[in-house]
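Numbering-wise, the sequence shown is residues 1 to 410 according to UniProt numbering. Glycine included, each C-beta is placed from N, C-alpha and C at the ideal position. Heads up: the structure comes next, in structure tokens.
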Amino acid sequence: MSLLCASIPSSHQFVVISPATTSHNRRLAGSYAIRPRLRMSLDNNNKNNSNSNSSSLLSAVTNLLWGRSLPPGLLVTTVRTAWNSTWQLMMSQLAPSDPTGGYSRPASKFRFSGPPPNGLHLYVGLPCPWAHRTLIVRALKGLEDAVPVSVASPGMDGSWEFKRVGGVDTGQVIGPSLDKANGCKTLKEVYRLRRGGYDGRSTVPMLWSKESKDVICNESYDVIQLFNSGLNGLARNPELDLSPPELKDKIEEWYQVIYPNVNNGVYRCGFAQSQEAYDRAVNELFFTLDKLEDHLSNSRYLCGDTLTLVDICLFTTLIRFDIAYNVLFKCTKKKLYEYSNLHAYIRDIYQIPKVADTCNFQEIMDGYYKILFPLNPGGIRPVMPSTSEHETLYRPHGRESLSSKPVFVK
Ligand SMILES: N[C@@H](CCC(=O)N[C@@H](CS)C(=O)NCC(=O)O)C(=O)O
Numbered sequence: 001m002s003l004l005c006a007s008i009p010s011s012h013q014f015v016v017i018s019p020a021t022t023s024h025n026r027r028l029a030g031s032y033a034i035r036p037r038l039r040m041s042l043d044n045n046n047k048n049n050s051n052s053n054s055s056s057l058l059s060a061v062t063n064l065l066w067g068r069s070l071p072p073g074l075l076v077t078t079v080r081t082a083w084n085s086t087w088q089l090m091m092s093q094l095a096p097s098d099p100t101g102g103y104s105r106p107a108s109k110f111r112f113s114g115p116p117p118n119g120l121h122l123y124v125g126l127p128c129p130w131a132h133r134t135l136i137v138r139a140l141k142g143l144e145d146a147v148p149v150s151v152a153s154p155g156m157d158g159s160w161e162f163k164r165v166g167g168v169d170t171g172q173v174i175g176p177s178l179d180k181a182n183g184c185k186t187l188k189e190v191y192r193l194r195r196g197g198y199d200g201r202s203t204v205p206m207l208w209s210k211e212s213k214d215v216i217c218n219e220s221y222d223v224i225q226l227f228n229s230g231l232n233g234l235a236r237n238p239e240l241d242l243s244p245p246e247l248k249d250k251i252e253e254w255y256q257v258i259y260p261n262v263n264n265g266v267y268r269c270g271f272a273q274s275q276e277a278y279d280r281a282v283n284e285l286f287f288t289l290d291k292l293e294d295h296l297s298n299s300r301y302l303c304g305d306t307l308t309l310v311d312i313c314l315f316t317t318l319i320r321f322d323i324a325y326n327v328l329f330k331c332t333k334k335k336l337y338e339y340s341n342l343h344a345y346i347r348d349i350y351q352i353p354k355v356a357d358t359c360n361f362q363e364i365m366d367g368y369y370k371i372l373f374p375l376n377p378g379g380i381r382p383v384m385p386s387t388s389e390h391e392t393l394y395r396p397h398g399r400e401s402l403s404s405k406p407v408f409v410k
């Protein structure tokens, strides 16, 4: 059994087979015997003890095999070999890739079409940029009462769970909540409740119909389009159109640029499984950011002086850039803060009423650094960059002069 094994059932006892000798220099030469005194219970449910358990286990094994310390060369070579194969295995299962090691995102299973059903309920997770899009459009359109939300938190295995009471939705930064529609403990359970069941990827955002007890959609781009124009009878801001007919082609054109290179581009950097795939992704990402920086020097939003859905899609990736992607996904060529127009652009959108309340930076940082185990095995969360703090994002952006159309939000 590998010491790197991530989840060992709590009922299992770990039996250490140790060399009969503990002498420093008689490393692997000794015969092995089971030492009952060294039975250790690895209770992964006991979070307080799991770190100390595994490090004391490691120390005990090291001590028995090599004396007080493992020779550094051997330590590095052994762990590197074990870790590389474990990492490849984890990544191949968690982040599907093409033959060159490039991340290939699975297509969303439930796409929306047809008239919207009644009794809609939205499931989101706050670290997720795709879910964040839906929260912003819902807030701007004033759909909070018409489409209630349940906010899942990432569990230690990376799947979504409902474990916290709370989840304030208006007037304060939104937080994790319990499942308010179905009372489930996990999002997987909710997906399974649908007519016909479901055992595939349980992703957020997910739009559920309480009336038909079914998953209506789990593709963010469809959900934001529905929220923008499909529920105007229920919206407090029906007149706000984030996809006006005259801009639809431009919105689509920009989306074809930002989706592969920026929205999914940061994931293509972070989940690349070869140097070649990473190089390609990171070059395309920064080439596109340079292009956006230039474009936004004389255009308030992507499609001119009107905020549109494609700005929301760009915003939810850029707001996570310096706090997560720059560090964890190795998007290191520049920080977003170094792009003066892009940084002013995100400040501009952040300052639109109700947008800041959808940005929970603590949840975002925990979600990325603590949960994406294969990218950050130690789970240490870096400090929040001051350039991404609320106070900085509230500094004047100076972009009013580029447009005459304020965004009205009731
Ligand atoms: N194309 C989807 C992507 C959604 C997605 O990948 N969500 C991630 C969180 S950022 C998720 O829920 N992953 C859980 C899983 O894959 O099991 C969309 O835009 O809605």
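Taking 7 Å as the cut-off, is the CB of residue i close to at least one heavy atom of ligand 1?
| i | result |
| --- | --- |
| Cys269 | no |
| Glu219 | yes |
| Trp87 | no |
| Gly265 | no |
| Thr317 | no |
| Pro205 | yes |
| Arg201 | yes |
| Gly155 | no |
| Cys359 | no |
| Ser92 | no |
| Trp208 | no |
| Cys184 | no |
| Ser404 | no |
| Ser108 | yes |
| Ser104 | no |
| Ser159 | yes |
| Gly125 | yes |
Just to confirm my understanding: we take residue i, look at its own chain, exclude 5 residues before and 5 after, and list those with CB closer than 6 Å. What are they?
| i | result |
| --- | --- |
| Pro36 | Because Pro36 carries a pLDDT of 31, less than 50, the predicted location of this residue cannot be relied on, and the following value inherits that uncertainty. So no residue of the chain qualifies. |
| Lys212 | What sits at residue 212 in the sequence shown is Ser, not Lys. Same-chain partners within the cutoff: Pro117. |
| Leu28 | Annotation note: pLDDT 30 at Leu28 (below 50); position unreliable, coordinate value reported separately. Counting only Cβ-Cβ distances below 6 Å, and skipping sequence neighbours, we find nothing. |
| Gln273 | Met91, Ser97 and Gly101 |
| Val282 | Cys269 |
| Ile258 | Leu314 |
| Ile330 | Sequence inspection shows Lys at residue 330; the Ile mentioned does not correspond to that position. Cβ neighbours of Lys330 beyond the five flanking positions: Cys269. |
| Phe321 | Leu336 |
Pick out whichever of the options has its Cα sitting closest to the Cα of residue i.
| i | options | result |
| --- | --- | --- |
| Thr316 | Ile346, His397 and Thr62 | Ile346 |
| Pro245 | Val262, Val165, Gln225 and Glu338 | Gln225 |
| Gly183 | Asp214, Leu64 and Ser150 | Ser150 |
| Thr203 | Leu187, Asp366 and Arg192 | Leu187 |
| Ile380 | Lys333, Pro115, Leu328 and Leu74 | Leu328 |
| Leu75 | Leu58, Leu314 and Gly304 | Leu58 |
| Leu292 | Met156, Pro374, Ser340 and Lys330 | Ser340 |
| Arg399 | Asn218, Leu296 and Gln275 | Leu296 |
| Lys354 | Ser386, Ser403, Arg133 and Lys163 | Arg133 |
| Asp222 | Val310, Arg320 and Tyr394 | Val310 |
| Pro106 | Arg201, Arg164, Phe162 and Ala131 | Arg201 |
| Val165 | Asp157, Ala152, Gly158 and Met156 | Ala152 |
| Leu94 | Phe373, Glu253 and Asp199 | Phe373 |
| residue 411 | Asp294, Asp157, Cys303 and Phe110 | In the structure as shown, the chain begins at 1 and stops at 410. Residue 411 is therefore absent and cannot be evaluated. |
| Asn298 | Leu231, Tyr198 and Ser403 | Ser403 |
| Gly378 | Pro385, Met384, Asp366 and Thr387 | Asp366 |
| Thr170 | Glu389, Ser401 and Ala356 | Ala356 |
| Arg280 | Asp294, Asn261, Met384 and Tyr394 | Asn261 |
Among the residues of its own chain, which have a CB less than 7 Å from the CB of residue i, if the five just before and after it don't count?
| i | result |
| --- | --- |
| Leu318 | Leu336, Leu342 and Ile346 |
| residue 447 | Nothing about residue 447 can be reported from this structure: the residues present for the chain run from 1 to 410 only. |
| Leu307 | Leu242, Tyr301 and Val407 |
| Glu391 | none |
| Ala375 | The residue you asked about is not Ala; residue 375 is Leu in the sequence shown. Gly270 and Leu328. |
| Lys141 | Phe227, Asn228, Ala235, Asn237 and Leu240 |
| Asn264 | Arg105 |
| Asn48 | Only weak support is given to the placement of Asn48: the predicted model assigns it a pLDDT of 45, under 50, and the value that follows is read from those uncertain coordinates. Excluding sequence neighbours, Asn48 sits near nothing in its chain. |
I'd like the list of long-range same chain contacts for residue i, defined as Cβ closer than 8 Å, with 5 residues on each side in sequence excluded.
| i | result |
| --- | --- |
| His397 | Ala344, Tyr345, Arg347, Asp348 and Gln351 |
| Gly158 | Leu94, Ile371, Leu372 and Phe373 |
Since residue i and residue j should fall inside the 8 Å C-beta cutoff, what is the C-beta to C-beta distance between them, to a whole number of angstroms?
| i | j | result |
| --- | --- | --- |
| Pro364 | Ile312 | Note that residue 364 is Ile in the sequence shown here, rather than Pro. That pair is no contact at about 16 Å. |
| Val124 | Cys359 | The pair is not a contact, with the Cβ atoms about 13 Å apart (cut-off 8 Å). |
| Pro205 | Ser220 | 5 Å |
| Pro72 | Tyr368 | Not a contact, Cβ separation roughly 31 Å. |
| Phe287 | Lys334 | So it is not a contact: roughly 12 Å between Cβ atoms. |
| Tyr103 | Tyr255 | At roughly 19 Å, the Cβ-Cβ gap does not stay under 8 Å, so Tyr103 and Tyr255 are not in contact. |
| Asp179 | Val190 | 7 Å |
| Gly167 | Pro176 | 6 Å |
| Leu143 | Leu231 | 6 Å |
Answer yes or no: the CB of residue i versus the heavy atoms of ligand 2, is any distance below 7 Å?
| i | result |
| --- | --- |
| Cys128 | Absent from the structure shown: ligand 2. Ligands present: ligand 1. |
Requested in this report: Could you tell me which uninterrupted alpha helix (DSSP H) segments, each at least 4 residues in length, are contained entirely in the stretch 172-199, listed from first to last along the chain?
Outcome: 187-193
Query - Length-filtered (4 minimum) alpha helix (DSSP H) runs lying within the stretch 305-386 - result: 309-318, 340-350 and 361-371
Report task. Let me know the beta strand (DSSP E) ranges lying completely inside the stretch 231-295, each 3 residues or longer, listed in chain order. Result -> none
**Report entry** Minimum length 3: unbroken beta strand (DSSP E) runs contained in the stretch 101-162
**Finding:** 120-125 and 149-154
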